[in-house]
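Colleague:
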Amino acid sequence: MESNDYINFNLDLDPKENEPFYSYILEDKSKYKRANQVINPKTGKVYYDPDEDWLVGESGGFLPNINFIFKETHRLREAALFYNKHGKYTFLDSDKDSIEYNKFRRREEHRRKHGITANCKLLHSDIPKYNKLIDLGRLDEADNLLKPLRISGEQYNFINYGQIFLLDEHKVADGSLGGEKDQQIPLFIDSQYWITKAKEFAKLNGYHMIVLKSRRKGMSYMEGCDSANEVNLNPKVTVIHGAYDKKYVTQGNSLSPMSKTQLEFYEDHTPFRRNFPGKGLLKKDINELIIGYKRSDSTNSGYLSRILALSFGNNPDAAIGKDGKKIKLDEMSNFPNFEKVMDVTEPTTRTGAYLTGFIFCGGTGGSKEGSWVQFERNYESPEMFNFMPFENIWDANSRHNKVGWFMPYWYGLQGILNGKHSLDKDGNSIYEVAIAISKNERKIKANAVGGISNERYTKYCSQYSNRPSEAFSSASSNIFSSGILANHIESIKSSKDLLYYKDGNFIKEDDVYKFKTLSELDTLSKKNVKYKDMIHPYIESFPMQMDADPHGCFRIYHAPYKDKNGNIPSGLYEACYDTVGKDLNTPEIKIFHSLNAFYIITVPNDYGIPPDLIVAAYVGRPMLMKTSDRYVFNACRYYNAKIIIEVDRGNAVTNFRSWGGLDLLLHDPMYKIKGKEEPLNIGYGINIGGTGEKAEDGLKWTKEWLYDYSSVREDGSSIYTLERIEDLPLLQEFSKYSSGLNVDRLSALRAFMFRRKVISLTRQAQYENDNLQGDNYNTITEAMCLN
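In terms of our numbering, the sequence shown has 233 at position 206, counting the first letter as 1, and numbering is strictly consecutive.
#1: Closest to Tyr-49 by CA distance: which of Leu-103, Asn-364, Ala-461, Gln-441 is it?
#2: Given a threshold of 16 other Cβ atoms within 10 Å of its Cβ, counted over all protein chains shown, does Asp-167 qualify as buried or as exposed?
#3: What does DSSP give as the partner residue(s) for Val-630 in the beta ladder?
#4: Roughly how many whole angstroms lie between the Cα atoms of Arg-483 and Pro-696?
#5: Alpha carbon to alpha carbon, how far is Trp-221 from Ile-347? Give it in angstroms, no decimals.
#6: Looking at the structure shown, is Trp-437 part of a helix, part of a strand, or coil, going by DSSP?
#7: Do Gly-392 and Ser-492 count as a contact pair if the criterion is CB distance below 9 Å?
#8: Sorted by chain position, which residues of the same chain lie with C-beta nearer than 7 Å to Tyr-116's C-beta, five sequence neighbours on each side aside?
#9: According to DSSP, is His-16 helix, strand or coil?
#10: Over what stretch of residues does the beta strand (DSSP E) that includes Ile-354 continue unbroken?
#11: Runs of 3 residues minimum, wholly inside the region 409–476: which ones carry the beta strand (DSSP E) assignment?
#12: Are the CB atoms of Ile-516 and Leu-214 within a distance shorter than 9 Å?
#13: Between the region 539–550 and the region 657–667, are three or more C-beta pairs nearer than 8 Å?
#14: If I follow the unbroken alpha helix (DSSP H) through Ala-679, where does it start and stop?
#15: Whose CA, out of Ser-496, Pro-155, Phe-385, lies closest to the CA of Lys-352?
#16: Which runs of the beta strand (DSSP E), 3 residues or longer, sit entirely within the region 234–262?
#17: Which residues in the same chain have their Cβ closer than 7 Å to the Cβ of Leu-172, if we skip the five residues on either side of it in sequence?
#18: Pick out the complete alpha helix (DSSP H) segments inside the region 713–795, 4 residues or longer, and give them in chain order.
#19: Using DSSP with H/G/I as helix, E/B as strand and the rest coil, what is Ala-345?
#20: Below 9 Å between beta carbons: does that hold for Leu-239 and Gly-431?
#21: Does the region 557–569 touch the region 590–604, meaning 3 or more C-beta pairs lie closer than 8 Å?
#22: Just verifying my parser: in three-state terms, what is the DSSP assignment at His-694?
#23: Where does Arg-61 fall in DSSP's three states?
#24: Can you pull the DSSP bridge partners for Cys-663?
#25: Determine the contact status of Phe-417 and Leu-726, defining contact as a CB-CB distance below 9 Å.
#26: Whose CA, out of Glu-403, Pro-363, Ser-360, Glu-410, lies closest to the CA of Glu-373?
#27: Assign Ala-475 to one of two classes, buried (16 or more other C-beta atoms within 10 Å of its C-beta) or exposed (fewer than that).
#28: Does the Cβ of Glu-358 have 16 or more other Cβ atoms within 10 Å, making it buried, or fewer, making it exposed?
#29: My assumption, with CB atoms under 8 Å, is that Lys-531 sits in contact with Cys-580. Please give the rounded CB distance.
#30: Contact check, Asp-560 vs Pro-495 under 8 Å by CB: the rounded distance?
#31: Cα separation between Tyr-51 and Glu-99?
#32: I'd like the ranges of any beta strand (DSSP E) spanning at least 3 consecutive residues and lying wholly in the region 526–599.
#33: Let me know the secondary structure DSSP gives Trp-81 once reduced to three states.
#34: Note down, in chain order, each residue of its chain lying with its Cβ closer than 8 Å to the Cβ of Asn-632, except the 5 sequence neighbours on either side.
#35: Which first and last residues belong to the alpha helix (DSSP H) in which His-515 is found?
#36: Identify the continuous alpha helix (DSSP H) that holds Ser-283 and give its terminal residues.
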């Protein structure tokens, strides 16, 4: 740990150069209302927050009132320090069961329930004065600046009686990064203060908690210790550890093994033994740990509190009837039926307006199974199941959004860089050092795996994430994810209000195809009701929210280019379309099964218009397939665009034919790709199918397209095609791609890649015929970008 008694963070650092959360820490928070000044709609009274730890942001989400740092935190760990020195918690003789011994035990039990208060809080505004007094040796005056700080009972128990495997820094050689872990009592760390106080606030004010975290934050230790604390303190209570697959809470250093270790430590080393006259747990099965003992008549007695480990994979109702005081659902990144579990479990935790059971859900990014969709949806919509909502202070320019709690990798990080520690002796994060360590580790990882576009690098960043957007950016089966993509998504999110686009639909009016915005359609609908059904919002997210309108509308990013005669040139735009296979009113079809997806894209041209630019998009599912086909037909007429249709399902080609649109349809591109002559009876569109060689080629070419160099910045760095995509749900679909998800947007673009290949081969042949070296144009990128 850092030996300097008063070193912390630099209040003069430019927060723009750091993580958003760091910027928030440095922010003046006086403009926000304290939570205990705001009415809780559940009670009609102000939120209960006697420690004034919480504020309410402009989004309506809660904010941690981080306007102080921690000092003299040894005052919070006197029991642990005594144990570390003497190997026991008291010299009082437990066998004699003295008044003094029982008084000590009751005092510690009270602290394990309710916490402890000590003068350990130093306000940011007092740091300069405190440091000056320390420099002058006026220690008593400096100490007088410290304000009372109360830690929760959960954290008091953890830092005084918890058992974890902790790095022993005394065994680390100077200049070395090699270390050993020993089973020890945890240290006080700032990040753990805030997560335990958040949980306490949530329980007291009628919320559950959903938490997204990076790896190595010690949450399994903390939650396992908390579960043991709960059943050791309270008779006849049940704590449930649950996961989609029970192994996530019963194997390795997971919740139930950690709880068992903690319970055994209580029995062997503390005044809190519950099984007298017999030592040990009544039941040590990792699937069911029971506190108590067996009487001489073989009946069970004692506290009889228990910790159950349950699997929810095949049984969403697993917690029903168990009367869990605390229900902890772990490994949320692999919990595909989470919402079904919450549908039946959350109501059992409430009695009227009162919360009688507390649900805590936690998970990490980077799941190779990619079953994180429902986790992400609930993290980003925490009030769906009554999770405590926090203002998003962790992602750039996302303060208008409410999310669950997030634990960044760098916050509370124990490490060293260039001789500087990332935690001081009081458990404060040295922010600049911690952030620098995180960036340095990423640089090393990128060099090791071959760059930030490498799948392994993206997976690493999602597991050791500093922002929620990073945590949900990758699954190991995703060939598209990269740091570049994640950064661009965050950029689009932060600049969304600055993007120029129009939402609406294409209609035929006076024999002319026109685009009408949603407001214009609303005006038209007042005279002609047929336009009413065309007024629907653009689908803004992937996966689509459960309550979203699936109909969809068009979004125009770039109006069509017109020449000096006012005409849209032929061959400037091409479209791609992947359709659904059944009408939405078919009984077995649900809105989440599939969506129609359509894009209009520029192709290489002589008009100075950049190729590969998505100018318009439609994703949605009207009740009838024919409705979507008509929308697309109108859009192609409006942009004078030829279209390649994925024909493995639907009736789009038939409908286009009936509307006199055969001139819009592109032929099957496979003949030209394979160098074969097109037959007279060649069909329209392409049937790629779900798997096989064509499907694999389509995915491969799509990735190549995303990471093609489209242009160069003034500083000489390359701009990738993906960085010119403004359609956020499309970008999200790429970042969250896995074989188990409906990726309708990707399917449409995949069809375009076959047309793009044909254009590339055609232009390459043209250059070769003009006596240019074909080898100079042997990549898709080079051929496509020549004008």
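Backbone N, C-alpha and C fix where the C-beta goes; we use that ideal spot for every residue, glycine too.
Modeller: The short version:
#1: For the purposes of this step, residue 49 is taken as the residue at position 22 of the sequence shown. Nearest option by C-alpha distance: Ala-461.
#2: As a first step, residue 167 is located in the sequence shown; it is residue number 140 there, counting from the start. By the 10 Å Cβ count, Asp-167 comes out exposed.
#3: Sequence index remark: in the sequence shown, residue 630 carries index 603 (1-based). Answer by DSSP bridge pairing: none, since Val-630 is not bridged.
#4: Start at 1 with the first residue of the sequence shown, and residue 483 comes out as number 456. Start at 1 with the first residue of the sequence shown, and residue 696 comes out as number 669. If you take the alpha carbons of Arg-483 and Pro-696, they lie about 34 Å apart.
#5: Locating residue 347 in the sequence shown gives position 320, where the first residue counts as 1. Locating residue 221 in the sequence shown gives position 194, where the first residue counts as 1. Taking the straight line joining both Cα atoms gives about 31 Å.
#6: For this step, residue 437 is matched to residue 410 along the sequence shown. Of the three classes helix, strand and coil, the one that applies to Trp-437 here is coil, per DSSP.
#7: Here residue 492 refers to the residue found at position 465 of the sequence shown. Here residue 392 refers to the residue found at position 365 of the sequence shown. Closer than 9 Å, so yes.
#8: Within the sequence shown, residue 116 is the residue found at index 89, counting from 1. Ala-106, Phe-109, Tyr-110, Thr-297, Pro-298, listed in sequence order.
#9: Outside the displayed span of the chain (28 to 814) sits residue 16, for which this structure offers no information.
#10: Position 327 of the sequence shown, counted from the first residue, corresponds to residue 354. Segment 351–356, the beta strand (DSSP E) holding Ile-354.
#11: 432–434
#12: Along the sequence shown, read from residue 1 onward, the residue named residue 214 stands at position 187. Along the sequence shown, read from residue 1 onward, the residue named residue 516 stands at position 489. Contact flag unset, no.
#13: yes
#14: Here the question's residue 679 lines up with position 652 in the sequence shown. Where Ala-679 is concerned, the enclosing alpha helix (DSSP H) stretches over 679–685.
#15: Counting from one through the sequence shown, the residue named residue 352 turns up at place 325. The shortest C-alpha separation from Lys-352 is found at Phe-385.
#16: 236–240
#17: Numbered from its first residue, the sequence shown carries residue 172 at position 145. Hits under 7 Å: Leu-149, Asp-153, Lys-156, Tyr-157.
#18: 720–733, 755–762
#19: In the sequence shown, counting from the first residue as 1, residue 345 sits at position 318. Three-state DSSP puts Ala-345 in coil, outside helix and strand.
#20: Reading the sequence shown from its first residue, position 212 is the one you call residue 239. Reading the sequence shown from its first residue, position 404 is the one you call residue 431. Their beta carbons are under 9 Å apart, which means Leu-239 touches Gly-431 by this criterion.
#21: no
#22: Reading the sequence shown from its first residue, position 667 is the one you call residue 694. Here His-694 sits in strand by DSSP.
#23: For this step, residue 61 is matched to residue 34 along the sequence shown. Strand.
#24: The residue labelled residue 663 in the question sits at position 636 within the sequence shown. Its beta-bridge partners do not exist; DSSP assigns none.
#25: Indexing the sequence shown from 1 puts residue 417 at position 390. Indexing the sequence shown from 1 puts residue 726 at position 699. Contact: no.
#26: As a first step, residue 373 must be located in the sequence shown, where it is residue number 346. Comparing Cα positions, the closest option is Glu-410.
#27: Along the sequence shown, read from residue 1 onward, the residue named residue 475 stands at position 448. Ala-475 comes out exposed.
#28: Within the sequence shown, the letter at position 331 stands for residue 358. Per the 10 Å Cβ criterion, buried.
#29: Taking the sequence shown and counting its residues from 1, one reaches residue 531 at position 504. Taking the sequence shown and counting its residues from 1, one reaches residue 580 at position 553. According to the sequence displayed, residue 531 carries Gly and not Lys. Right, their Cβ atoms sit about 6 Å apart.
#30: Translated into the one-based positions of the sequence shown, residue 560 becomes position 533. Translated into the one-based positions of the sequence shown, residue 495 becomes position 468. The Cβ separation is near 37 Å, so there is no contact.
#31: Here residue 51 is taken as the residue at index 24 of the sequence shown, counted from 1. Here residue 99 is taken as the residue at index 72 of the sequence shown, counted from 1. Going by the C-alpha atoms only, they are around 24 Å apart.
#32: 529–536, 539–544, 581–583
#33: Taking the sequence shown and counting its residues from 1, the one referred to as residue 81 is at position 54. Correct three-state label for Trp-81: strand.
#34: The sequence position of residue 632 within the sequence shown is 605, counting from 1. Contacts found: Pro-596, Gly-598, Leu-599, Pro-638, Asn-814.
#35: Taking the first residue of the sequence shown as 1, we reach residue 515 at position 488. 510–521 is the span of the alpha helix (DSSP H), which, as asked, contains His-515.
#36: Stepping through the sequence shown from its first residue, residue 283 is reached at position 256. Note, Ser-283: alpha helix (DSSP H), 282–296.
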